[in-house]
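Peer 1: Pasting a structure here, questions to come.
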Amino acid sequence: MVAPGDATQTVRIELGERSYPILIGARLLDDPAAWAGLPRAHAAMIVTNSTVSPLYAARLANALRGHYAVVREVALPDGEAHKDWACLNQIFDALLGAGCDRKTVLFALGGGVVGDMTGFAAACYMRGVPFVQVPTTLLAQVDSSVGGKTAINHPLGKNMIGAFYQPERVVCDLDTLASLPPRELAAGLAEIVKYGPIADMAFMDWIETNADALLAREPRALAHAVRRSCEIKAWVVGQDERESGLRAILNFGHTFGHAIEAGLGYGAWLHGEAVGCGMVMAARLSQRLGLVDTAFVQRLTGLIARVGLPVTGPALGAQRYLELMRVDKKAEGGEIRFVLIDGPGRAVMRPAPDSLVCEVLAESTAA
Ligand code: NAD
Ligand code: GLY
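Counting in our numbering, the sequence shown runs from 2 upward without gaps.
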């Protein structure tokens, strides 16, 4: 585990010629070593948003000036509601307006919204330019910046328009988490908790023991949580980059969660909040299918509540939930396929009868 003064840690994503490192440490934004060895180019473009820009963009720009003759910035409007075509176009407008060539390196400075949109812009601009993820939320450091999924939302479904496109590097400066609002910290903890039930129950034990330290943002606890999450994600993505099978386990809680996000309107609930509640629903469905016992469901529900996440979903109506979940990317021929827990520490993807899903929704949503 690292703390200020400790050495930077590196987790590698092994994807052949698309392999890259995830650097995890303190004060990395200002560390010239964090930015050395990236593709050479005349210009760099920092893509960020109106909240993160005043906090961190100048520091990143200063560090990058040691490597690029020109460092530009485009600050997008903040929020999940802006993860759309109009905002994506702002990135293209900035790149084309500044005459950026096909070697220009994009730096995604912000949370998962900025990271997903910058990655998609990088995949498309001049048919592909290099990009670097500089995640500044806990959620982005433990999940969204890693693995190359990029996307924007569509009014009919979340992350429906996108591409697999890997970054050159991920740089997680743990110090940036100090300015994160508590609600966003909790949202990030949802994706950390996710890794326990799907892959590593020893990590779930550790999270339970260290929940208070994580909520108090103790550097060593955060460093360990980020590193272990990235290790698990690297292990999964290294085997199944394009989600032909195993990678789907990373979507535990997401089928219900995406329905909540789309059903309420993007941004009403944070992505991590929806995933937290979605994990409770998926665990209950697993229990109804005889895959886990009630003690496991109670344990997971207790941990999700303890880190400050909702465990009761909004009352969208069962039919609306089902309709939204049929648009999920894992659905096949209109049949919803859920990521379920098949015994603690092991996930499986399978369909479930609508009647059981409706029972779970009746138990798990507000009256
Ligand atoms: P976000 O990007 O909206 O960031 C959350 C909020 O925190 C925003 O208001 C942002 O401006 C602010 N912020 C960011 N860094 C900050 C800092 N250091 N200090 C203060 N404020 C800061 O949300 P998120 O939770 O980071 O990401 C959610 C998004 O990630 C969703 O769109 C989700 O679909 C996507 N996602 C993608 C993947 C993937 O594999 N690509 C995985 C999980 C989630
Ligand atoms: N967050 C899901 C994935 O990266 O596959």
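Just so it is clear, CB atoms sit at the ideal spot from N, CA and C, and this is done for glycine as well.
By a C-beta neighbour count over all protein chains shown, 10 Å radius and 16 as the cutoff for buried, is asparagine 154 buried or exposed?
Peer 2: With 16 or more Cβ atoms within 10 Å of its Cβ, asparagine 154 is classed as buried.
Peer 1: Return the first residue and the last residue of the beta strand (DSSP E) that valine 114 is part of.
Peer 2: Unbroken run through valine 114 is the alpha helix (DSSP H), 113-125; no beta strand (DSSP E).
Peer 1: Our contact map puts phenylalanine 165 next to arginine 243 with C-beta atoms below 8 Å; I'd like the distance itself, whole angstroms only.
Peer 2: Between arginine 243 and phenylalanine 165 the Cβ distance is about 5 Å, and since that is below 8 Å, they are a contact.
Peer 1: Does glycine 266 pass the burial test, meaning 16 or more other C-beta atoms within 10 Å, or should it be called exposed?
Peer 2: Counting Cβ neighbours within 10 Å, glycine 266 comes out exposed, since fewer than 16 surround it.
Peer 1: Does the segment 248-260 come into contact with the segment 198-211, if we say contact requires no fewer than three beta-carbon pairs (one atom in each stretch) closer than 8 Å?
Peer 2: Flag = yes, the segment 248-260 and the segment 198-211 touch.
Peer 1: Does the segment 120-130 come close enough to the segment 101-108 that 3 or more CB-CB pairs lie under 8 Å?
Peer 2: Yes, since at least three Cβ pairs between the segment 101-108 and the segment 120-130 fall closer than 8 Å, the two stretches touch.
Peer 1: When DSSP labels each residue in this structure, what does cysteine 173 get in the three-state scheme?
Peer 2: Residue state, collapsed to three classes: strand.
Peer 1: On the premise that glutamine 167 lies in contact with leucine 16, defined as a C-beta separation below 8 Å, what is that separation, rounded to the nearest angstrom?
Peer 2: With a Cβ gap of about 6 Å, leucine 16 and glutamine 167 count as contacting.
Peer 1: For phenylalanine 339, which residues does DSSP report across the bridge?
Peer 2: For phenylalanine 339, which the question treats as bridged, DSSP gives the partners Arg351.
Peer 1: Taking the CB atoms as reference points, tell me whether glycine 158 and aspartate 329 lie closer together than 9 Å.
Peer 2: Cβ distance < 9 Å, so glycine 158 and aspartate 329 count as in contact.
Peer 1: Cβ-heavy atom distance between histidine 155 and ligand 3 below 8 Å?
Peer 2: Ligand 3 is not part of the structure shown, which contains ligand 1 and ligand 2 as its ligands.
Peer 1: Which residue from Pro182, Glu209, Trp86 puts its Cα closest to that of alanine 1?
Peer 2: In the structure displayed, the chain extends from 2 to 368; residue 1 sits before or after that span and is not available.
Peer 1: Which same chain residues, not among the five before or five after leucine 223, have their C-beta less than 7 Å away from its C-beta?
Peer 2: Result list for leucine 223: Leu175, Leu178, Leu215, in chain order.
Peer 1: Quick one: give me the first and last residue of the beta strand (DSSP E) that threonine 151 is part of.
Peer 2: Counting along the chain, the beta strand (DSSP E) containing threonine 151 begins and ends at 150-155.
Peer 1: Have a look at the DSSP bridge pairing and note the partners of tyrosine 21.
Peer 2: Paired residues: Ile14.
Peer 1: Using 8 Å as the threshold, is the segment 179-189 in touch with the segment 293-305, meaning 3 or more CB pairs across them?
Peer 2: Touching, no, given that fewer than three Cβ pairs across the two stretches are closer than 8 Å.
Peer 1: What are the start and end residues of the beta strand (DSSP E) that includes glutamine 134?
Peer 2: First-last of the beta strand (DSSP E) with glutamine 134: 132-136.
Peer 1: When burial is assigned at 16 or more other CB atoms within 10 Å of the CB, is valine 361 buried or exposed?
Peer 2: That one is buried.
Peer 1: How big is the Cα-Cα spacing for isoleucine 23 and serine 51?
Peer 2: Going by the C-alpha atoms only, they are around 25 Å apart.
Peer 1: If we require 4 or more residues per run, which alpha helix (DSSP H) segments fall completely within the segment 41-88?
Peer 2: Those alpha helix (DSSP H) runs which fall completely within the segment 41-88 and span 4+ residues are 59-65.
Peer 1: Restricting to Cα atoms, I'd like to know which of Met350, Asp7, Glu364, Gly279 is closest to glycine 246.
Peer 2: Closest option to glycine 246, Cα to Cα, is Met350.
Peer 1: Measure how close the beta-carbons of alanine 367 and alanine 316 come, nearest whole angstrom, since I'm counting them as under 8 Å.
Peer 2: Correct: roughly 5 Å between the Cβ atoms.
Peer 1: Is it the case that the CB of valine 171 approaches a heavy atom of ligand 1 more closely than 8 Å?
Peer 2: It does not: the Cβ of valine 171 is nowhere closer than 8 Å to a heavy atom of ligand 1.
Peer 1: According to DSSP, is lysine 195 part of a helix, a strand, or is it coil?
Peer 2: Helix at lysine 195.
Peer 1: Under the rule that 16 or more other beta-carbon atoms within 10 Å means buried, what is histidine 43, buried or exposed?
Peer 2: Exposed, because fewer than 16 other Cβ atoms sit within 10 Å of the Cβ of histidine 43.
Peer 1: Report yes if the C-beta of arginine 285 is less than 8 Å from at least one heavy atom of ligand 2; otherwise report no.
Peer 2: The answer is no for arginine 285.
Peer 1: Starting from asparagine 160, trace the beta strand (DSSP E) in both directions and tell me its first and last residue.
Peer 2: Note, asparagine 160: beta strand (DSSP E), 158-165.
Peer 1: Rounded C-beta distance between leucine 107 and alanine 123? I'm assuming under 8 Å.
Peer 2: Going by Cβ atoms, the distance from leucine 107 to alanine 123 rounds to 5 Å, so yes, they are a contact pair.
Peer 1: Ignore the nearest five residues each way along the sequence and tell me which others in alanine 99's own chain have a CB closer than 6 Å to its CB.
Peer 2: The answer, listed in chain order, is Arg73.
Peer 1: How should glutamine 288 be labelled, buried or exposed, when 16 other C-beta atoms within 10 angstroms of its C-beta is the threshold for buried?
Peer 2: Under this definition glutamine 288 is a buried residue.
Peer 1: Is phenylalanine 108 helix, strand or coil when you go by DSSP?
Peer 2: DSSP places phenylalanine 108 in strand when its eight states are reduced to three.
Peer 1: Would you mind giving the Cβ-Cβ distance between valine 48 and leucine 89, rounded to the nearest angstrom? I have them listed as a contact below 8 Å.
Peer 2: So it is not a contact: roughly 10 Å between Cβ atoms.
Peer 1: With a threshold of 8 Å, establish whether the CB of lysine 150 neighbours any heavy atom of ligand 2.
Peer 2: Within the cutoff, so yes.
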